[in-house]
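**Student:** In this note's numbering, the protein residues as written are 1442 to 1624. A virtual CB, placed ideally from N, CA and C, is assigned to each residue, including glycine. A quick note: this is a predicted structure, and the numbers were derived from the prediction, not measured. Starting off with a structure, shown below.
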């Protein structure tokens, strides 16, 4: 099984990366393949809301006019068996990098050709809150709404708090094993 891991965290050794790596370890321990993409290191512009009505060819053709790394990541998603979206929680919501990516993906998925290869693809979301940790559930709801609009087959949304990270690492590893062996 081939997994694409989209990480919206800037810190490759932080809490979100640790949670993501636990899931990856579970996936690879039972033979799954993973490619991790660090969004902050990619060239991903935010949506320009093209045209007078705020829509461009995303709505009419399922593509985005912006020439950056977005299209290549979408291509990798379409070639995968499953996708993991992992984000730190900022203000009870998604990180800016994963928000920019998902905002554009959601728009292209409004057209049938943009949704092709995405609709039905298995997906998991991980939302890791530092600080008080209270924002993880609301972040999961936000991510779930966007992934559902895109047509992903959402398998699980996993909220993680700084306070329960060590316990959740074991759960994430087990989830990775389960995902890789069940898809």
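Leaving out five residues before and five after residue 1605 in sequence, what residues of the same chain have Cβ atoms less than 8 Å from its Cβ?
**Tutor:** The count along the chain shown starts at 1 and reaches residue 1605 at position 164. If we look at residue 1605 and ignore the five residues flanking it on each side, its Cβ neighbours are 1574.
**Student:** Taking only three categories from DSSP, how would you classify residue 1509?
**Tutor:** Locating residue 1509 in the chain shown gives position 68, counting from the first residue. In this structure, residue 1509 counts as coil in the three-state DSSP scheme.
**Student:** According to the neighbour-count rule (16 or more other Cβ atoms, all chains shown, within 10 Å of its Cβ), is residue 1490 buried or exposed?
**Tutor:** By 1-based counting over the chain shown, the position of residue 1490 is 49. Its Cβ having fewer than 16 others within 10 Å, residue 1490 is exposed.
**Student:** For the segment 1497-1562, list the beta strand (DSSP E) runs that are entirely contained and at least 3 residues long, ordered along the chain.
**Tutor:** Correct list: 1523-1529.
**Student:** Measure the C-alpha to C-alpha separation of residue 1610 and residue 1465 and round it to an integer number of angstroms.
**Tutor:** The count along the chain shown starts at 1 and reaches residue 1610 at position 169. The count along the chain shown starts at 1 and reaches residue 1465 at position 24. Near 11 Å, if we compare the C-alpha coordinates of residue 1465 and residue 1610.
**Student:** Tell me which same chain residues have a C-beta within less than 7 Å of the C-beta of residue 1480, skipping the five on either side of it?
**Tutor:** One-based indexing of the chain shown puts residue 1480 at position 39. So the list reads 1447, 1448, 1449, 1538, 1539 and 1542, once near-sequence residues are dropped.
**Student:** Mark residue 1456 as exposed unless 16 or more other C-beta atoms lie within 10 angstroms of its C-beta, in which case mark it buried.
**Tutor:** Stepping through the chain shown from its first residue, residue 1456 is reached at position 15. Buried, because 16 or more other Cβ atoms sit within 10 Å of the Cβ of residue 1456.
**Student:** Alpha carbons only, please: which of 1452, 1461, 1451 and 1454 is nearest the one belonging to residue 1444?
**Tutor:** Within the chain shown, numbered from 1, the residue matching residue 1444 stands at position 3. It is 1461.
**Student:** For residue 1451, tell me which candidate among 1566, 1531, 1463 and 1558 has the shortest Cα-Cα distance.
**Tutor:** Counting from one through the chain shown, the residue named residue 1451 turns up at place 10. Nearest C-alpha to residue 1451: 1531.
**Student:** Grouping DSSP H, G and I as helix and E and B as strand, with all else coil, what is residue 1566?
**Tutor:** Here residue 1566 refers to the residue found at position 125 when the chain shown is read from its first residue. DSSP places residue 1566 in strand when its eight states are reduced to three.
**Student:** Between residue 1548 and residue 1568, what straight-line distance do the alpha-carbon atoms span, to the nearest angstrom?
**Tutor:** Taking the chain shown and counting its residues from 1, one reaches residue 1548 at position 107. Taking the chain shown and counting its residues from 1, one reaches residue 1568 at position 127. Whole-angstrom Cα-Cα distance: 22 Å.
**Student:** Rounded C-beta distance between residue 1584 and residue 1511? I'm assuming under 8 Å.
**Tutor:** Taking the first residue of the chain shown as position 1, residue 1584 is located at position 143. Taking the first residue of the chain shown as position 1, residue 1511 is located at position 70. In fact, because the Cβ distance is near 18 Å, the residues do not count as touching under 8 Å.
**Student:** For residue 1465, does the three-state DSSP call read helix, strand or coil?
**Tutor:** Residue numbering aside, residue 1465 sits at position 24 when the chain shown is read from its first letter. DSSP places residue 1465 in helix when its eight states are reduced to three.
**Student:** Within 10 Å of its beta-carbon, does residue 1621 have 16 or more other beta-carbons around it, so buried, or fewer, so exposed?
**Tutor:** Counted from its first residue, the chain shown places residue 1621 at position 180. So residue 1621 ends up on the buried side.
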